[in-house]
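A.B. asks: My structure is below; once you've seen it, I'll send some questions.
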Amino acid sequence: MTENNPLTDFKFFNEVKPDTLDSIAQMGEIIEYAAGDAIFRFDEPAIHLYGVIDGEVDLSVVFKDKVLKTEIEYEEAIQASMVEEEKSIVVDCVLPGQVFGWASLVGAGRRTVTAHCAQASRVMVLPAADLRMMFEADNALGYVIMKKLSDIISKRLQKRTEKLIETWVEAFDVDEI
């Protein structure tokens, strides 16, 4: 199966033996999503690891923003109230050959972001429970994958930190946090 295995194009799996990579691919399925489709949402149970084969997936954080809403009649405010609005901010973009959904393999098993397709996408969906069982049975494989996973988590945390600082500086015109 190796020549037709879509996982061979993923840097995340480049240290995995070909026969093991074939076993991993056989566990998963390829799903096609339309542009705008949500693959998963923040705080949902994290039961799959995903890999983009074709397309582009945006990872975003949803937050609540308080906004002053006013009802105006005849150029006078007749009622004003604070309303919470949900907004989202894209914190990363996942391209072909990259994985996302790492929360399925570590931690509390809940999604930390929302994943939406920025364009039509083909995605490899891998069951995390089966992957974890493989890692427990083959500790060397588990170590290799967790090392790659820690790199992804570190890079995503760095991107979030940079966006936070950029936003903070822009909003408050400060040069110190």
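If you count by the working numbering, then the sequence shown holds residues 16 to 192, one letter each, in order. Ideal Cβ positions, reconstructed from N, Cα and C, are used throughout, including at glycine. Keep in mind the model is a prediction, meaning the values are calculated, not measured.
Just to confirm my understanding: we take valine 106, look at its own chain, exclude 5 residues before and 5 after, and list those with CB closer than 8 Å. What are they?
C.D. replies: Here residue 106 corresponds to residue number 91 of the sequence shown, with the count starting at 1. Result list for valine 106: Leu74, Ser75, Val76, Val128, Arg171, Lys174, Arg175, Lys178, in chain order.
A.B. asks: State the start and end residues of the unbroken alpha helix (DSSP H) segment that holds glutamine 41.
C.D. replies: In the sequence shown, the residue the question calls residue 41 occupies position 26. Run containing glutamine 41: 33-42, per the alpha helix (DSSP H) assignment.
A.B. asks: Return the residue from the list Asn29, Phe27, Asn20, Thr35 that minimises the CA-CA distance to alanine 152.
C.D. replies: By 1-based counting over the sequence shown, the position of residue 152 is 137. Checking every option, the nearest Cα to that of alanine 152 belongs to Thr35.
A.B. asks: Can you say whether isoleucine 160 is buried or exposed, counting buried as having 16 or more other CB atoms within 10 angstroms of its CB?
C.D. replies: Stepping through the sequence shown from its first residue, residue 160 is reached at position 145. When all chains shown are included, isoleucine 160 counts as buried.
A.B. asks: Which residues bound the alpha helix (DSSP H) around valine 7?
C.D. replies: Shown here, the chain extends from 16 to 192; a query on residue 7 therefore has no answer.
A.B. asks: Taking the alpha-carbon of histidine 63 as reference, which of Glu30, Asp52, Ile87, Val121 has the nearest alpha-carbon?
C.D. replies: Numbered from its first residue, the sequence shown carries residue 63 at position 48. Ranking the options by Cα distance to histidine 63, first place goes to Val121.
A.B. asks: Quick check for students: name the residue ranges of the beta strand (DSSP E) that lie wholly in the stretch 37-123, counting only runs of 3 or more.
C.D. replies: Within the stretch 37-123, the complete beta strand (DSSP E) runs of at least 3 residues are 44-48, 53-55, 63-88, 91-109.
A.B. asks: Leaving out five residues before and five after phenylalanine 150 in sequence, what residues of the same chain have Cβ atoms less than 7 Å from its Cβ?
C.D. replies: By 1-based counting over the sequence shown, the position of residue 150 is 135. Same-chain partners within the cutoff: Leu156, Gly157, Ile160.
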